[in-house]
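Novice: Residue numbers (full-length UniProt numbering), protein chains in the order written: chain A, 1 to 360; chain B, 1 to 360; chain C, 1 to 360; chain D, 1 to 360.
Number of protein chains: 4
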Amino acid sequence: MMQAATRTRRAHVFRVAASSPSDVSGVEAMFSAGLKPENVVAILGKTEGNGCVNDFTRGFATASFEALFARHGVEGVSLVMSGGTEGALSPHWTVFARESLIDDAADAGGPALAIGTSRTFHLPFHHLGRREQALMVAEGVITAMADAGIDDPADVHFVQIKCPFLTLARIGEADSTGHAVATRETLKSMGLSRGASALGVALALGEVDAATITDDVIGSRHDLFSSRASASAGVELTDHEIIVFGMSRAWNGPLAIDHAVMASAIDTASVHNARARLPERATIAAVLAKAEPDPSGMVGGRRHTMLDDSDIAGTRHARAFVGGVLAGVFGMTDLYVSGGAEHQVPPGGGPVAIIVEKER
Amino acid sequence: MMQAATRTRRAHVFRVAASSPSDVSGVEAMFSAGLKPENVVAILGKTEGNGCVNDFTRGFATASFEALFARHGVEGVSLVMSGGTEGALSPHWTVFARESLIDDAADAGGPALAIGTSRTFHLPFHHLGRREQALMVAEGVITAMADAGIDDPADVHFVQIKCPFLTLARIGEADSTGHAVATRETLKSMGLSRGASALGVALALGEVDAATITDDVIGSRHDLFSSRASASAGVELTDHEIIVFGMSRAWNGPLAIDHAVMASAIDTASVHNARARLPERATIAAVLAKAEPDPSGMVGGRRHTMLDDSDIAGTRHARAFVGGVLAGVFGMTDLYVSGGAEHQVPPGGGPVAIIVEKER
Amino acid sequence: MMQAATRTRRAHVFRVAASSPSDVSGVEAMFSAGLKPENVVAILGKTEGNGCVNDFTRGFATASFEALFARHGVEGVSLVMSGGTEGALSPHWTVFARESLIDDAADAGGPALAIGTSRTFHLPFHHLGRREQALMVAEGVITAMADAGIDDPADVHFVQIKCPFLTLARIGEADSTGHAVATRETLKSMGLSRGASALGVALALGEVDAATITDDVIGSRHDLFSSRASASAGVELTDHEIIVFGMSRAWNGPLAIDHAVMASAIDTASVHNARARLPERATIAAVLAKAEPDPSGMVGGRRHTMLDDSDIAGTRHARAFVGGVLAGVFGMTDLYVSGGAEHQVPPGGGPVAIIVEKER
Amino acid sequence: MMQAATRTRRAHVFRVAASSPSDVSGVEAMFSAGLKPENVVAILGKTEGNGCVNDFTRGFATASFEALFARHGVEGVSLVMSGGTEGALSPHWTVFARESLIDDAADAGGPALAIGTSRTFHLPFHHLGRREQALMVAEGVITAMADAGIDDPADVHFVQIKCPFLTLARIGEADSTGHAVATRETLKSMGLSRGASALGVALALGEVDAATITDDVIGSRHDLFSSRASASAGVELTDHEIIVFGMSRAWNGPLAIDHAVMASAIDTASVHNARARLPERATIAAVLAKAEPDPSGMVGGRRHTMLDDSDIAGTRHARAFVGGVLAGVFGMTDLYVSGGAEHQVPPGGGPVAIIVEKER
């Protein structure tokens, strides 16, 4: 007797080369080849800018993808662009898609990579960079976990957040309601928003407890962090876009994810261990990592000069170097190595999420 | 009955941290602790400059060591400074010393790391950058091999050359003797001198045959190279300082050397293999490597952006990245990773010499 | 008795602030305020990139303006983006428009700023970077002069050329017709195309004679140049867009143009003299200048370090410094100071076109 | 009848080209030509580093001059090295010397450039960066004015201070005496020391009153500043070296000094006015200026990008640009344009001291 067909979901991950920040032709070709644009959940891009303040390659890439998706009548894809392909890191897009399937039981044996999304409510601007934002994001992460069919925070391996920041207009709006904003400096508000968002992830995943997250720890207590959060601030939204990547039995297919927390920039052992927890007969589908100069000025007990270099930003040094460390481990250069940030990186170390595709 | 004592030689290698380009205090402390300044053969330094044209950290370090050795009445130590500690590479000095010992037979069982030196005759300036220079260097390498007690070129793993270059005065001197120089551009003469020197090493080690080395291949035929040469041009000499590192039965002690030729910036397999050819129970004494952006614009089949970056020199990207690759392999950041150069690096790859110290 | 009305033309020049490379809102606001998009001839932009190889701010600005003009149903506006707002140079767009008027005689008294345009035929790719290209451009300049109503080359003060370059596909196309291209390196073809175009301007304006322009002088004879040419290479065209700025009696209105050739980066006397040749009671409408590091390594007999700096490109130094020199003279920072180039700058000096608007 | 000879003093100022940060040969040549090394009071150098944290050209230059003066048996010359010769600024040394003369009355008609020096007592380390340091420096400035024979603060046009900063050892020393230091961050202590020193100058010159200078304004109240102070922190001293430049009737000779305060980076009018207050028939002996990016993000009402550029430090942009502005005014590029700093620059503007030598 045949088993009944089962409803399941399946994620897809594609790394696509980019010849420039506006080169979306590789993704367009995948659409022509059958990938449904409406199935795309998110695109994480590495673009060849400096990854710092005046990096316009991110905006150029975002505008190029918005135009592409608009041509296909699709809205709402999360576009997360990380500047900086230092060293031999290779500019590329990682496309995340998902689909619902009526699968036969034989294939249905998860767990597999699960991708869940959510959007929060509009963030009152005087909550930005404060405990309220962290709580709002934590709730959003829990919603996205539910969307992904993930119950256990231990099954979550990477959380991408896109969060708002303050503009002069938004500060004025808060002022007019009689509420004080956390900062009147718009640049600083980006950091506070990312930090509060990361602490929201930490809260949802049980890395930090709720009582600890007070307004004053945001942006100052560097020992509080989520090792699975990746936050970026964007002017185009006033709520939060949240994408959770983890493992779930409700999902199917050859993809699996795990993550390591490197204790230092040269801690390859943790990465090898994480890889070893994943199926051996599998190819690398994506590596998502964060890198920052060790604030102690030392790596492995020896001085580094990243933070004293007035010619090259420390984050650029860090991406180049950690990019090399990871490229040596994985044998490939189209890695998503992003500058870490507020409450997203253990001091001196960095998280590395690994997605593999099992051989059939 | 006791065995007769045997005359033997022993090399010493020390990595010493540098807190700045002029910080020679660590080496001075070793002198106080017993290292004889006159036993020092060479110091290879990594200094925290940009490693390019306007890197004055090299000159500052050289001047600082010259003053130190002058205070100890020692002259003629080969001082080779390589700028650029990108990524988490750590500024440091590698001190190479050697001594003659009357050793008891039990310890005398080489082979061990051997260090030989030589200086060539004064180079007629119109020979610079030409076949004659390569032949002169080849002869010098053979002399240094003899000094090291190495017969077989296969036992040579790293050759450091310091070579002269043309100044306006030297061009004038050549002119006055009626001989045409290879180039009238002083900057270009540095590259030609390094290239001819590297081809001299290649000739001595049997990597290139003598007939191939004509004037016109110097600086143009990139498929001709020595994978064991490291050349730097200095204004302070008109001959060549040559240091050969290899293995010899005439030497003793716990140090051993081997080398890999990485086929690409992410070819860690070759490095692991070279390490595996050395004793397992041993610590790393020094790693000497060269790195350059792959001229094809690709690493492992994927585009890199090192050569298109007008903000950061490609050699800086390459040192940061290959520094990361090797630091991941060796678990340390005080590696001598130097910008490769003319006829010293296989296109897209790079040599890595590894010196280990066996545990007792 | 009233005089008969006269048909005349009038140019308009607007400097518009840009808050980012994609900020076209200032120009859009002018459309709302009455400027007809179809009257716009060209936009010369200064964008805040590095002005070198990996400057994507130019492409981002171009894409943003193309989208703007497409929304208004206008095509064919010449968009010339120059990266690099070093020092206190201010990112901005200079909008050039023109219109035909039936003017009353009182106002009709030119001469005034005249703007003429032309496009050449498609350039056979094996002509690129060769004498044929220069001749084609020279003809195009003469056509644009006629369009502007300028007879005398002495009345031309600035010529902007947009020229094609070679891609692999174009080289293949030339190969397939059995014609050899001037270079197979695409990057080099950009320089050759700009150089040949500039020599075409020089020919049209009588700065160089036709016999001198042979294939081999293009890219090598730096003493041959036009002091009024500004060329940029773009992949999007296979012909040439030419815009001539000068003075003509057929034009009307308060605008006037003249130009200086600075003999060195600090030659303010020539600029003051050019300004003095224009009406005194007038405000500055636009300053269009070119700057390059003096190849002699000296300015005013003293060494500069622009060409030895491996951290900052020499053209960036030059724009910052000449930007300062000219901002000091004109008292404003939204100047179009562009990196000079092949056959467009006298060695060590640079052209400066000044457009003023007479007070009424 | 002959008039009686008069005892007077005379200052000398020489600008000497430097071919590299260690090139002291030009000054050595002046010693050979008759300049007495013991008459040299100070050398202000512009070296070709980045002028930021990892600029070792300053230390290299200082070490090179120390060795030179040691060879001549001279100690205590104030060596002040400012990194950064962006744009076409030319690396050079400005040598300040003074001598006592028995002059005949005809020549004795001052006033002329006067140079006075002083050293303060040792600064207790817990006073560093606090009101006490400012008071100590103010007293030292008054002493140096007396040394220069200057009574009226209005006659002082430039004050160079070399001040100490905190090291870990010095913090420990303060700790051991039970006194809290102003900061435990050594880098921050440099800024506090420069700031307190500059406010000391402001106090001595009547630019700020004593009651205003409390601990908490140091480093925070940017509206408090001296427009004639130039402070640099050095690890080699624990007191302060102070050099006052001004006009005095007790001095003689062809040199004269005045200064301008530029209201913005393009305020050339103030510079022309200061120049006009000096003798017309005179050549420029030295220009000493400070430059910083306008913190408002605007110059002359238009946006600049210096503070958003993550590739080039804002101070480098500012030196290049203001260097251009001043080189355009003075027609020379060996100007001492130094990055301004704490309490030394009016926000958005900068001081410019001009020393001229009257024609005879």
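The C-beta atom is built at its ideal place from N, Cα and C for all residues, glycine as well.
1) On the DSSP bridge list, what partners appear for D258 of chain B?
2) Give the residues from the segment 300 to 322 of chain A that approach chain C closer than 7 Å (Cβ to any Cβ), ordered along the chain.
3) Run through DSSP, which three-state label would R281 of chain D get?
4) Using beta-carbon positions only, say whether I284 of chain B and V337 of chain B come within less than 8 Å of one another.
5) Pick helix, strand or coil for F96 of chain D, following the three-state DSSP scheme.
6) Would V329 of chain A and T268 of chain A qualify as a contact pair, given that the criterion is a beta-carbon distance under 8 Å?
7) Based on Cα-Cα distance, which residue from A:M247, A:H317, A:S264 lies nearest to M145 of chain A?
8) Closest to L89 of chain C by CA distance: which of C:D308, C:R194, C:G51, C:F245 is it?
9) Give me the Cα-Cα distance between A260 of chain C and V299 of chain D, rounded to the nearest whole angstrom.
10) Rounded to whole angstroms, what's the CA-CA distance from A138 of chain B to S19 of chain A? Just pull it up for me.
11) Express the C-alpha separation of P111 of chain A and V244 of chain A in angstroms, rounding to a whole number.
12) Which residues share a DSSP beta bridge with K290 of chain C?
13) So that I know if they touch, is there some Cβ in chain A lying closer than 8 Å to that of F56 of chain C?
14) S193 of chain B by DSSP, collapsed to three states: which one?
15) Assign L224 of chain B to one of three DSSP states: helix, strand, or coil.
16) Can you find a C-beta in chain C that's less than 8 Å from the C-beta of V337 of chain B?
17) So, does the CB of E48 of chain C fall closer than 8 Å to a CB anywhere in chain A?
18) Measuring only the C-alpha atoms, how far is A250 of chain B from D152 of chain B?
19) G59 of chain A touches chain C at which residues, Cβ-Cβ below 9 Å?
20) Residues in its own chain within less than 6 Å of R130 of chain A by CB, not counting five upstream and five downstream?
21) Kindly provide the ranges of any alpha helix (DSSP H) runs that are 4 or more residues long and lie completely inside the UniProt region "RU A" (1 to 103) of chain D, ordered along the chain.
22) Give every residue of the same chain whose Cβ lies closer than 7 Å to the Cβ of E28 of chain C, excluding the five residues on either side of it in the sequence, and list them in chain order.
23) Suppose the cutoff is 8 Å on Cβ atoms and the five residues either side in sequence are ignored; what does the same chain contact list for A274 of chain C look like?
24) Could you check which residue in C:A70, C:L168, C:V16, C:S22 has the C-alpha nearest to that of H126 of chain C?
25) In whole angstroms, what is the alpha-carbon distance linking G45 of chain C and R58 of chain C?
26) Just how far apart, CA to CA, sit E359 of chain A and N252 of chain A?
27) Going by the beta-carbon positions, is the gap between F56 of chain C and F225 of chain A smaller than 8 Å?
28) Which one or two residues does DSSP pair with M247 of chain B in a beta bridge?
29) According to DSSP, which residues form a beta bridge with M298 of chain C?
30) Figure out for me which residue from D:G26, D:G191, D:D155 has the closest Cα to the Cα of P164 of chain D.
31) Over what stretch of residues does the beta strand (DSSP E) that includes S232 of chain A continue unbroken?
32) Count the other CB atoms within 10 Å of the CB of G349 of chain D; is the residue buried (16 or more) or exposed (fewer)?
33) Are the segment 221 to 236 of chain C and the segment 302 to 320 of chain C touching, with three or more C-beta to C-beta distances below 8 Å?
34) Got a sec: is the Cβ-Cβ distance from C52 of chain C to anything in chain B below 8 Å?
35) Check the Cβ of S90 of chain D against every Cβ in chain E and list those closer than 7 Å, keeping chain order.
36) A289 of chain A CB to nearest chain C CB: under 8 Å?
Specialist: Straight from the coordinates:
1) Residue numbering aside, residue 258 of chain B sits at position 258 when the second sequence is read from its first letter. For D258 of chain B, which the question treats as bridged, DSSP gives the partners B:I354.
2) So the list reads D311, given in the order they occur along the chain.
3) For the purposes of this step, residue 281 of chain D is taken as residue 281 along the fourth sequence, with counting starting at 1. Looking at R281 of chain D - three-state DSSP - the assignment turns out to be coil, as it is neither helix nor strand.
4) For the purposes of this step, residue 284 of chain B is taken as residue 284 along the second sequence, with counting starting at 1. For the purposes of this step, residue 337 of chain B is taken as residue 337 along the second sequence, with counting starting at 1. Between I284 of chain B and V337 of chain B, the CB-CB gap reaches or exceeds 8 Å.
5) Along the fourth sequence, one-based indexing puts residue 96 of chain D at 96. F96 of chain D falls in the strand class under three-state DSSP.
6) Here residue 329 of chain A refers to the residue found at position 329 when the first sequence is read from its first residue. Here residue 268 of chain A refers to the residue found at position 268 when the first sequence is read from its first residue. In this structure, T268 of chain A lies closer than 8 Å to V329 of chain A by Cβ.
7) The residue labelled residue 145 of chain A in the question sits at position 145 within the first sequence. Among A:M247, A:H317, A:S264, the Cα nearest to that of M145 of chain A is on A:M247.
8) Translated into the one-based positions of the third sequence, residue 89 of chain C becomes position 89. Selected option, being the one with the closest Cα: C:G51.
9) Indexing the third sequence from 1 puts residue 260 of chain C at position 260. Indexing the fourth sequence from 1 puts residue 299 of chain D at position 299. Their Cα atoms are separated by approximately 25 Å.
10) Here residue 138 of chain B refers to the residue found at position 138 when the second sequence is read from its first residue. Here residue 19 of chain A refers to the residue found at position 19 when the first sequence is read from its first residue. Computed Cα separation, rounded: 44 Å.
11) Locating residue 244 of chain A in the first sequence gives position 244, where the first residue counts as 1. Locating residue 111 of chain A in the first sequence gives position 111, where the first residue counts as 1. Cα to Cα, V244 of chain A sits roughly 15 Å from P111 of chain A.
12) Position 290 of the third sequence, counted from the start, is the residue given in the question as residue 290 of chain C. In the DSSP secondary-structure assignment, K290 of chain C is bridged to C:S338.
13) In the third sequence, the residue the question calls residue 56 of chain C occupies position 56. Answer yes: the Cβ-Cβ gap between F56 of chain C and chain A drops below 8 Å somewhere.
14) To locate residue 193 of chain B, count along the second sequence from 1; it is residue 193. S193 of chain B falls in the helix class under three-state DSSP.
15) Along the second sequence, one-based indexing puts residue 224 of chain B at 224. DSSP, reduced to helix, strand and coil, places L224 of chain B outside both helices and strands of the structure shown, so it counts as coil.
16) Here the question's residue 337 of chain B lines up with position 337 in the second sequence. No, its Cβ sits nowhere closer than 8 Å to a Cβ of chain C.
17) The residue given as residue 48 of chain C occupies position 48 in the third sequence. So yes, E48 of chain C belongs to the interface.
18) In the second sequence, residue 250 of chain B corresponds to position 250, counting from 1. In the second sequence, residue 152 of chain B corresponds to position 152, counting from 1. Distance between the alpha carbons of A250 of chain B and D152 of chain B: 13 Å.
19) One-based indexing of the first sequence puts residue 59 of chain A at position 59. Taking the beta carbon of G59 of chain A as reference, the chain C residues within 9 Å of it are S20, P21, S22, F60, listed in sequence order.
20) Here residue 130 of chain A is taken as the residue at index 130 of the first sequence, counted from 1. Counting only Cβ-Cβ distances below 6 Å, and skipping sequence neighbours, we find A182, D215.
21) Secondary structure in the UniProt region "RU A" (1 to 103) of chain D: the alpha helix (DSSP H) runs of 4 residues or longer, each lying completely within the stretch, are 25 to 32, 57 to 71 in chain order.
22) Start at 1 with the first residue of the third sequence, and residue 28 of chain C comes out as number 28. L68.
23) As a working note, residue 274 of chain C is residue 274 in the third sequence. Excluding sequence neighbours, A274 of chain C sits near D258, H259, A260, V352, I354.
24) Start at 1 with the first residue of the third sequence, and residue 126 of chain C comes out as number 126. Taking only the C-alpha atoms, the option nearest H126 of chain C is C:L168.
25) Locating residue 45 of chain C in the third sequence gives position 45, where the first residue counts as 1. Locating residue 58 of chain C in the third sequence gives position 58, where the first residue counts as 1. For G45 of chain C and R58 of chain C, the distance between alpha carbons rounds to 8 Å.
26) Position 359 of the first sequence, counted from the first residue, corresponds to residue 359 of chain A. Position 252 of the first sequence, counted from the first residue, corresponds to residue 252 of chain A. Approximately 14 Å between the Cα atoms of the pair.
27) Sequence index remark: in the third sequence, residue 56 of chain C carries index 56 (1-based). Sequence index remark: in the first sequence, residue 225 of chain A carries index 225 (1-based). Not a contact, by the Cβ cut-off of 8 Å.
28) Working through the second sequence from its first residue, we reach residue 247 of chain B at position 247. The partner list for M247 of chain B (beta bridge, DSSP) reads B:L113.
29) Here residue 298 of chain C is taken as the residue at index 298 of the third sequence, counted from 1. According to the DSSP secondary-structure assignment, M298 of chain C is paired through a beta bridge with C:R303.
30) Residue 164 of chain D sits at position 164 when you count from the first residue of the fourth sequence. Taking only the C-alpha atoms, the option nearest P164 of chain D is D:G191.
31) By one-based count along the first sequence, residue 232 of chain A stands at place 232. Counting along the chain, the beta strand (DSSP E) containing S232 of chain A begins and ends at 229 to 233.
32) Counted from its first residue, the fourth sequence places residue 349 of chain D at position 349. Buried, by the Cβ-count rule.
33) Taking 8 Å as the limit for Cβ pairs, the verdict is that the segment 302 to 320 of chain C does not touch the segment 221 to 236 of chain C.
34) Residue numbering aside, residue 52 of chain C sits at position 52 when the third sequence is read from its first letter. Yes - at least one Cβ of chain B is within 8 Å of the one on C52 of chain C.
35) Note that chain E does not occur in the displayed structure, where the protein chains are A, B, C and D.
36) For the purposes of this step, residue 289 of chain A is taken as the residue at position 289 of the first sequence. Output row for A289 of chain A: interface = no.
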